[in-house]
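*Asks:* Protein chains in written order, with this note's numbering: chain A, 5 to 203; chain B, 11 to 267.
1) Out of A:52, A:53 and A:79, which has the shortest C-alpha to C-alpha gap to residue 9 (chain A)?
2) Compute the Euclidean distance between the alpha carbons of residue 139 (chain B) and residue 260 (chain B), then round it to the nearest angstrom.
3) Please report how far the alpha carbon of residue 49 (chain B) lies from the alpha carbon of residue 79 (chain B), in whole angstroms.
4) Is the separation between the beta-carbon of residue 228 (chain B) and that of residue 197 (chain B) shorter than 8 angstroms?
5) Would you identify the three-state DSSP class for residue 229 (chain B), choosing helix, strand or coil?
6) Do residue 189 (chain B) and residue 142 (chain B) have their C-beta atoms closer together than 8 angstroms?
7) Are any of the Cβ atoms in chain B nearer than 8 angstroms to that of residue 90 (chain A)?
8) Who are the Cβ neighbours of residue 96 (chain B) in its own chain at under 7 angstroms, not counting the five residues just before and after it?
9) Quick check: residue 161 (chain A) and residue 130 (chain A), are their CB atoms within less than 8 angstroms of each other?
10) Report back the beta-carbon spacing between residue 207 (chain B) and residue 184 (chain B) to the nearest angstrom; my notes put them in contact at under 8 angstroms.
11) For residue 11 (chain A), count the other beta carbons within 10 Å of its own beta carbon; 16 or more makes it buried, fewer makes it exposed. Which is it?
12) Taking the Cβ atom as the reference point for each residue, do residue 133 (chain A) and residue 168 (chain A) lie within a distance shorter than 8 angstroms?
13) Between the alpha carbons of residue 119 (chain A) and residue 213 (chain B), how many angstroms are there, rounded?
14) Classify residue 21 (chain B) as helix, strand or coil using the three-state DSSP reduction.
15) At which residue ranges does the stretch 49–122 of chain B contain complete beta strand (DSSP E) runs of 3 or more residues, listed in the order of the chain?
16) Which residue marks the beginning of the alpha helix (DSSP H) containing residue 82 (chain A), and which one marks its end?
17) Would you decide whether residue 12 (chain B) is buried or exposed? Buried here means 16 or more other CB atoms lie within 10 Å of its CB.
18) Taking the alpha carbon of residue 139 (chain A) as the point to measure from, which residue in A:194, A:52 and A:44 has its own alpha carbon closest?
19) Do you know how far the Cα of residue 173 (chain B) is from the Cα of residue 224 (chain B)?
20) In chain order, what residues of the stretch 182–194 of chain A put their CB closer than 8 angstroms to some CB of chain B?
21) Within the 8 angstroms Cβ cut-off, does residue 80 (chain B) reach chain A?
22) So residue 138 (chain B) is in the beta strand (DSSP E); what residue range does that whole segment cover?
This is the structure we're talking about:
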């Protein structure tokens with residue numbers, strides 16, 4: 005069973021459709037029993053870290069997500085939520101604690117003189133032999149749209165550069181995350197979702 | 011490197027894709043979903059759907075097609091038309107749109123931009139600007155309610171001042187539509203777009219005037235915009251998106267093939 009965790013964020017349906025286009029059945033749920041029984045889970049997110057974290061707290065999902073042992077793929081803000089904390093909130097002086105499932109803190113991207121947000125198709129550099137990037141040609145473009153990012157660290161499995169290098173994909177234990185939107189990244193994105201589902 | 015984007019624009023009226031010349035005399039081009047699918051397959055980087063009647067008729071865009079587009083399309087798309095509240099935006103994003111574009115309602119209530127940016131993040135808030143260059147006064151004027159010629163008004167805003175204003179309020183992208191050029195296919199307004207570029211620190215999309223492939227190379231190489239939007243040259247199959255992108259690559263424009 006494939007489950008999209010119902011985080012209350014707005015882009016659930018585009019992730020759902022992308023999985024269905026690959027011929028898989030998928031359920032959207034926030035029920036702890038359904039989450040525990042899933043073979044693979046997606047953690048989508050758009051919006052701000054503060055709003056998304058409040059959604060998880062309101063839905064009693066924080067502890068439920070932390071105890072998952074199956075492969076979980078965070079997408080965009082969903083990936084950022086896996087990190088230890090984020091600068092992104094209404095008052096940017098404070099760091100918001102996020103799930104702490106992968107290393108590092110999400111920061112505002114320093115891209116000047118380039119434009120922010122980082123919006124559009126960019127190329128990434130995956131580590132060799134990463135199963136998430138199997139059968140994806142080198143130089144493939146993925147669709148990004150974000151102004152905060154996780155710096156490159158030991159959990160980074162693919163990096164991207166915009167102004168400075170940042171984490172495009174991350175993995176620690178069963179938790180995976182991608183900063184780009186595979187559901188909106190054409191053939192390369194579809195292959196990545198397929199790779200995750202076949203892990 | 012971040013690629014420059016080619017963005018077909020589908021003007022939607024009553025559930026059909028239409029195209030008029032300088033916002034008049036709309037003719038039906040085709041159904042939304044097959045056209046959207048064709049553009050995605052040809053290599054479009056993004057799609058924009060404008061419900062051109064929504065704002066001026068004081069009604070909300072019919073959203074059932076947004077979900078049908080989201081089902082079949084694997085590239086990002088943006089929806090515009092009559093989005094006046096956070097709730098309007100939320101519904102469109104829930105149907106599967108990646109971004110919402112606000113034009114007339116942002117002019118009526120600029121604080122809407124702040125509220126949407128706080129709620130959904132700046133990255134999915136696009137501001138569409140219809141700019142008209144008045145030769146008599148030499149002024150770049152922002153127009154409102156352009157979906158209906160009779161309802162169109164000239165606002166108090168100078169185009170460049172409005173771009174600065176929307177940025178400061180949290181817009182994530184600007185689509186600058188130069189009305190003098192719209193539908194006439196004699197090239198983007200490089201001068202105006204360059205002036206806009208100089209003060210625009212968020213992504214800037216050029217709109218209005220594309221007629222041949224060299225116009226796209228010119229607007230990327232000379233005005234340094236992040237994307238180029240066009241409608242009629244794609245609808246009428248004057249330019250094929252795949253061929254355009256190969257051409258741009260040969261013109262040293264960073265492009266996704």
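Just so it is clear, CB atoms sit at the ideal spot from N, CA and C, and this is done for glycine as well.
Owing to the predicted nature of the structure, the values given are computational and were not obtained by experimental measurement.
*Replies:* From the atom records:
1) Position 5 of the first chain, counted from the first residue, corresponds to residue 9 (chain A). Closest option to residue 9 (chain A), Cα to Cα, is A:79.
2) Residue numbering aside, residue 139 (chain B) sits at position 129 when the second chain is read from its first letter. Residue numbering aside, residue 260 (chain B) sits at position 250 when the second chain is read from its first letter. Using only the alpha carbons, I get a separation of about 31 angstroms.
3) Start at 1 with the first residue of the second chain, and residue 49 (chain B) comes out as number 39. Start at 1 with the first residue of the second chain, and residue 79 (chain B) comes out as number 69. Going from the Cα of residue 49 (chain B) to the Cα of residue 79 (chain B) covers about 12 angstroms.
4) For this step, residue 228 (chain B) is matched to residue 218 along the second chain. For this step, residue 197 (chain B) is matched to residue 187 along the second chain. Yes.
5) If you number the second chain from 1, residue 229 (chain B) lands on position 219. Three-state DSSP puts residue 229 (chain B) in a helix.
6) Counting from 1 along the second chain, the entry for residue 189 (chain B) is found at position 179. Counting from 1 along the second chain, the entry for residue 142 (chain B) is found at position 132. The answer is yes: Cβ separation under 8 angstroms.
7) Position 86 of the first chain, counting from 1, holds the residue named residue 90 (chain A). Residue 90 (chain A) has a beta carbon lying at 8 angstroms or more from every beta carbon in chain B.
8) One-based indexing of the second chain puts residue 96 (chain B) at position 86. 125, 126 and 129, listed in sequence order.
9) The residue you call residue 161 (chain A) lines up with position 157 of the first chain. The residue you call residue 130 (chain A) lines up with position 126 of the first chain. In contact: residue 161 (chain A) and residue 130 (chain A) (Cβ atoms closer than 8 angstroms).
10) Taking the second chain and counting its residues from 1, the one referred to as residue 207 (chain B) is at position 197. Taking the second chain and counting its residues from 1, the one referred to as residue 184 (chain B) is at position 174. Contact doesn't hold; Cβ gap of about 10 angstroms is too wide.
11) Working through the first chain from its first residue, we reach residue 11 (chain A) at position 7. That one is buried.
12) Taking the first chain and counting its residues from 1, one reaches residue 133 (chain A) at position 129. Taking the first chain and counting its residues from 1, one reaches residue 168 (chain A) at position 164. No. Outside cutoff.
13) The residue you call residue 119 (chain A) lines up with position 115 of the first chain. The residue you call residue 213 (chain B) lines up with position 203 of the second chain. C-alpha separation (whole angstroms): 6 angstroms.
14) Position 11 of the second chain, counted from the start, is the residue given in the question as residue 21 (chain B). Secondary structure of residue 21 (chain B) (DSSP, three-state): strand.
15) 57–61, 87–90 and 109–112
16) Looking up residue 82 (chain A) in the first chain gives position 78. Its alpha helix (DSSP H) spans residues 81–86.
17) For this step, residue 12 (chain B) is matched to residue 2 along the second chain. It counts as buried.
18) In the first chain, counting from the first residue as 1, residue 139 (chain A) sits at position 135. If we check each option's Cα against that of residue 139 (chain A), A:194 comes out closest.
19) On the second chain, residue 224 (chain B) is found 214 positions in, with the first residue counted as 1. On the second chain, residue 173 (chain B) is found 163 positions in, with the first residue counted as 1. Distance between the alpha carbons of residue 224 (chain B) and residue 173 (chain B) is about 27 angstroms.
20) Correct list: 185, 187, 188, 189, 190, 191, 193 and 194.
21) Taking the first residue of the second chain as 1, we reach residue 80 (chain B) at position 70. With 8 angstroms as the cut-off, residue 80 (chain B) counts as an interface residue toward chain A.
22) The sequence position of residue 138 (chain B) within the second chain is 128, counting from 1. Boundaries of the beta strand (DSSP E) harbouring residue 138 (chain B): 135–144, taken from the DSSP string.
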